[in-house]
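Okay, so here's the structure we're looking at.
Residue numbers (the numbering used here): 42 to 141.
Take a look at the structure:
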């Protein structure tokens, strides 16, 4: 039996931000103290991080938790959220690093 992870929009958002910041999982481990295996499970949708972990990740990325949640919403419904509103909330530079 194949185990399929639940909706993974938050994990995709975290991976997307990490890559946009040119960070490896090892870099993220160094900045957060989280194990790379745990980071991988978050990015692949097997673990949903609690708020404290999201705050650690946001600090490591130099963003706020709200920005991670906005990227999650974009990943969940890209047609609805990509565009000027997303650019406004994320900032042109950050949005551009993610989607341009």
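Idealized CB from N, CA, C, for every residue including glycine.
Beta-carbon proximity list for residue i, same chain, < 7 Å, skipping 5 on both sides
| i | result |
| --- | --- |
| residue 127 | 111, 115 and 136 |
Residue i, buried or exposed, once every other Cβ within 10 Å from all chains shown has been counted against 16
| i | result |
| --- | --- |
| residue 107 | exposed |
| residue 59 | buried |
| residue 119 | exposed |
| residue 113 | buried |
| residue 103 | exposed |
| residue 52 | buried |
| residue 49 | buried |
| residue 84 | buried |
From the options, residue whose alpha carbon lies closest to that of residue i
| i | options | result |
| --- | --- | --- |
| residue 81 | 65, 92, 72 and 96 | 65 |
| residue 75 | 132, 63 and 93 | 93 |
| residue 77 | 67, 49, 86 and 85 | 67 |
Beta-carbon contacts of residue i that lie in its chain and below 8 Å, excluding the five residues immediately before and after
| i | result |
| --- | --- |
| residue 99 | 105, 106, 108 and 109 |
Same chain only: Cβ atoms within 6 Å of residue i, ignoring 5 sequence neighbours per side
| i | result |
| --- | --- |
| residue 43 | The pLDDT assigned to residue 43 is 49, lower than 50, so where the model puts this residue is not dependable; a value taken from the coordinates is nonetheless given after this. Correct list: empty, nothing qualifies. |
| residue 73 | 97 and 101 |
| residue 88 | 82 |
| residue 62 | 102 |
(request) Would you list, in sequence order, the uninterrupted alpha helix (DSSP H) runs of no fewer than 4 residues that lie entirely inside the segment 77–126? (result) 77–84, 92–102, 106–117 and 119–122
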